[in-house]
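A.B. asks: One structure, as structure tokens, below. Some questions next.
4 protein chains.
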Amino acid sequence: MRKKPVLALITGGTFDKEYNLITGELFFKDTHLPEMFQLGRCTLDITVRTLMMIDSLQMTDDDRRLVVQNCSRCEFDHILITHGTDTMVQTAEMIAQANLNKTIVLVGAMIPYKFGMSSDGFFNLGSALAYTQVLPAGVYIAMHGEYFHWDNVRKNRKTGYFEPINPDL
Amino acid sequence: MRKKPVLALITGGTFDKEYNLITGELFFKDTHLPEMFQLGRCTLDITVRTLMMIDSLQMTDDDRRLVVQNCSRCEFDHILITHGTDTMVQTAEMIAQANLNKTIVLVGAMIPYKFGMSSDGFFNLGSALAYTQVLPAGVYIAMHGEYFHWDNVRKNRKTGYFEPINPDL
Amino acid sequence: MRKKPVLALITGGTFDKEYNLITGELFFKDTHLPEMFQLGRCTLDITVRTLMMIDSLQMTDDDRRLVVQNCSRCEFDHILITHGTDTMVQTAEMIAQANLNKTIVLVGAMIPYKFGMSSDGFFNLGSALAYTQVLPAGVYIAMHGEYFHWDNVRKNRKTGYFEPINPDL
Amino acid sequence: MRKKPVLALITGGTFDKEYNLITGELFFKDTHLPEMFQLGRCTLDITVRTLMMIDSLQMTDDDRRLVVQNCSRCEFDHILITHGTDTMVQTAEMIAQANLNKTIVLVGAMIPYKFGMSSDGFFNLGSALAYTQVLPAGVYIAMHGEYFHWDNVRKNRKTGYFEPINPDL
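Chains as they are written, first to last, in our numbering: chain F, 184 to 352; chain C, 184 to 352; chain Y, 184 to 352; chain V, 184 to 352.
Encoded structure:
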């Protein structure tokens with residue numbers, strides 16, 4: 184079977200943030216993933232499920248457990264998760280501890296998709312979808328066109344880039 | 184070594200077309216790939232080489248031989264090629280016949296990158312870059328977030344979608 | 184009465200052209216004006232009427248007469264007309280000959296609105312809508328943030344800019 | 184002389200805000216007006232002067248006096264001012280009290296120009312530039328494709344729309 188069904192779990196993050204023109208603040212409405220897959224002319228078998236729409240700094244351990252449950256209890260072997268970048272590594276770690284025999288890729292954006300051509304979101308989604316389909320079972324983070332193993336990555340808060348903890352691995 | 188050096192070969196195609204506001208026609212100036220990698224916040228080791236800037240309907244066998252030569256004579260094992268979609272499969276076939284032991288991914292766009300948020304180019308580039316890094320040696324086409332083996336894909340000219348010749352493979 | 188009702192007549196032109204990803208050619212579907220007025224957060228009393236959706240090089244004298252009739256027989260004193268730039272001046276001339284005591288502003292774009300941030304269409308529409316509301320009765324062309332009297336303007340086909348025939352007037 | 188020289192004074196506001204991808208907050212770098220005039224293919228004689236780059240809620244009376252001085256002491260009779268929307272009316276009032284015999288138009292945006300096609304900034308700039316050229320001497324606010332007299336306008340903070348205090352005037 185060539186096309187592997189993919190589950191896309193939505194948790195919010197910068198990816199899906201929008202600008203509130205009354206307050207001047209960022210907020211969440213609906214996920215833009217279905218629109219993005221359509222613009223990408225994707226005909227893969229993708230199921231989109233919105234678990235929560237939050238900033239990852241607000242994500243609690245209960246929230247993370249919900250993510251893990253959705254990964255373990257579903258019938259999918261290929262799972263893409265949109266996530267705020269600030270605590271993406273923590274969530275990846277908790278998923279990894281569940282020892283699921285699945286390919287699970289977390290992806291985020293540094294600039295909201297709705298901010299137009301300046302956003303990295305559309306590019307990141309394309310690479311994450313590719314990694315979700317072809318990487319062996321494991322938990323990964325896909326950012327900047329790269330993938331990182333969950334246990335060898337950190338977000339550099341000064342530069343805004345994800346980087347390997349040990350670059351030689 | 185975690186980060187594999189990638190060679191990006193530019194041949195033109197819809198990807199890099201621009202709108203000439205005097206004639207109302209599409210034309211080529213420079214490739215947008217370096218700008219796109221920057222917006223994607225890519226820090227991978229990518230070398231961009233422009234071989235030609237043409238519509239793939241104009242591509243001759245000499246042009247294709249130039250592409251094959253650049254694939255075979257370079258030191259890179261991971262090669263991404265931007266290409267017009269109309270004859271992408273032909274070029275993939277000629278590269279495959281060279282029997283190079285490298286991962287080579289051809290990618291295109293149905294709408295020029297310069298046409299803004301409606302273009303599929305940025306998404307396709309993200310997925311192609313991922314496939315270039317992780318697929319085993321072989322020649323592939325990356326479109327719509329998917330990858331296709333060079334010998335099991337055709338462009339459906341009615342729908343504008345790439346599809347497998349034999350969907351069961 | 185502060186807000187003057189405005190009639191927006193649509194004739195097509197580069198303004199409303201879209202990219203056909205199957206043929207690689209430009210074509211017309213629906214006008215983008217209602218969407219553009221909404222993005223501009225316009226609450227003015229604007230009525231949009233699509234007369235035709237054509238390239239202005241294809242516009243016949245019958246087509247132009249239809250435009251003149253719609254200007255003369257309507258109840259509006261402030262009329263904005265979207266029009267291809269190539270024969271905009273001819274249409275303006277025929278409207279002027281009808282000696283209507285109304286403010287009529289023709290506006291176009293050099294790059295289709297759908298081509299994103301590179302298009303001049305949204306800017307031109309903003310200025311044309313302003314001129315339609317405040318210029319005295321007469322027939323004008325609004326391009327590049329400027330307005331031109333119908334009898335002192337030509338399109339420079341080499342540069343793609345509208346310019347006065349006599350710059351001292 | 185057909186083309187009237189225009190002075191564009193920059194004070195900041197949502198218009199010119201950018202997204203800081205490290206902090207997730209909005210900030211100011213340089214003004215986007217020259218780029219916007221270029222995309223609008225403007226060849227008018229426009230001089231751009233950046234007075235300050237601030238949120239209008241931070242604007243002090245000293246800041247406003249600087250704006251008034253720049254309006255009064257310059258040689259221009261047609262002045263466009265970019266300004267945050269929150270205190271735009273206050274600044275307009277202080278300029279009006281200076282009784283300058285000039286056409287002065289304040290303009291803002293509800294969504295930053297850098298946020299792409301969702302921004303109203305490019306449209307507002309087009310209409311403001313038109314009003315600056317053709318309205319009689321006075322102080323005006325240009326928003327949503329409309330113009331308002333400085334003494335008959337308020338920003339409705341609930342809806343985010345500017346509206347006349349007395350709609351019958």
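Positions of the beta carbon are idealized from the N, C-alpha and C atoms, including for glycine.
(1) Can you list the beta strand (DSSP E) stretches of 3 or more residues lying completely in the stretch 201 to 270 of chain F, in chain order?
(2) Any heavy atom of the ligand MG closer than 7 Å to the CB of F:I205?
(3) Would you mind telling me which residues of chain V sit closer than 9 Å to Y:G299, beta carbon to beta carbon, in chain order?
(4) Using DSSP's beta-bridge definition, name the partner residues of C:A279.
(5) By Cβ distance below 6 Å, which residues in the same chain neighbour C:M236 in space, the five residues on each side in sequence not counted?
(6) Counting only beta-carbon atoms, is V:T197 nearer than 8 Å to chain F?
(7) For the stretch 247 to 265 of chain V, enumerate the residues whose C-beta is nearer than 7 Å to any C-beta of chain Y, in chain order.
(8) Going by DSSP, what residues sit across from F:V290 in a beta bridge?
(9) In the DSSP assignment, find the unbroken alpha helix (DSSP H) run with V:F345 in it and report its ends.
(10) Looking at C-beta atoms only, is the number of pairs between the stretch 237 to 253 of chain Y and the stretch 295 to 306 of chain Y that lie closer than 8 Å three or more?
(11) Report yes if the CB atom of C:G343 is closer than 8 Å to the CB atom of Y:L204, and no otherwise.
(12) Run the CB neighbour count on Y:R247, radius 10 Å, all protein chains shown included, and call it buried at 16 or more, exposed below.
(13) Span of the beta strand (DSSP E) holding F:V189?
(14) Checking contacts by CB at 8 Å: is C:H327 closer than that to chain F?
(15) For C:R232, which option in C:F220, C:R256, C:I324 and C:L190 has the closest C-alpha, if you only look at C-alpha atoms?
(16) In its own chain, which residues sit with a C-beta less than 6 Å from the C-beta of F:K297, not counting the 5 before and 5 after it?
(17) Tell me the DSSP secondary structure of F:K297 in three-state form.
(18) Strictly under 8 Å for the Cβ-Cβ distance: is F:G309 near chain C by that measure?
(19) With burial defined as no fewer than 16 other Cβ atoms inside 10 Å of the residue's Cβ, what is the status of Y:E329: buried or exposed?
(20) From Y:P217 to Y:M326, what distance separates their C-alpha atoms?
(21) Determine whether the Cβ of V:A313 lies closer than 8 Å to any Cβ atom of chain Y.
(22) Does DSSP put Y:N339 in a helix, in a strand, or in coil?
(23) Under 8 Å between the Cβ atoms of Y:L240 and Y:K186?
(24) Use the C-beta contact count for C:Q221: other C-beta atoms within 10 angstroms, 16 or more gives buried, fewer gives exposed.
(25) Out of curiosity, what's the CA-to-CA distance linking V:M242 and C:R340?
(26) Going by the beta-carbon positions, is the gap between C:G263 and C:L312 smaller than 8 Å?
(27) Tell me the rounded alpha-carbon separation between V:D244 and V:E276.
(28) Could you check whether V:H261 and V:T274 sit closer than 8 Å to each other, using their CB atoms as the reference points?
(29) Given a limit of 7 Å on CB to CB distance, which residues of the stretch 226 to 239 of chain V reach chain F?
(30) Can you pull the chain V neighbours of F:L204, defined as C-beta to C-beta under 7 Å?
(31) Just how far apart, CA to CA, sit F:Q316 and F:T286?
C.D. replies: The short version:
(1) 209 to 211, 229 to 237 and 261 to 265
(2) Among the components modelled here there is no ligand, and therefore nothing to report on the ligand MG.
(3) G299 and M300
(4) Answer by DSSP bridge pairing: none, since C:A279 is not bridged.
(5) G195 and F211
(6) yes
(7) none
(8) F:T265 and F:A325
(9) No alpha helix (DSSP H) contains V:F345, which is instead part of the beta strand (DSSP E) from Y344 to E346.
(10) no
(11) yes
(12) buried
(13) V189 to G195
(14) yes
(15) C:L190
(16) E201
(17) helix
(18) yes
(19) buried
(20) 20 Å
(21) yes
(22) strand
(23) no
(24) exposed
(25) 58 Å
(26) Sequence check: residue 263 of chain C is Leu here, not Gly. Yes, these two residues count as a Cβ contact at 8 Å.
(27) 12 Å
(28) no
(29) none
(30) M293, I294 and G343
(31) 8 Å
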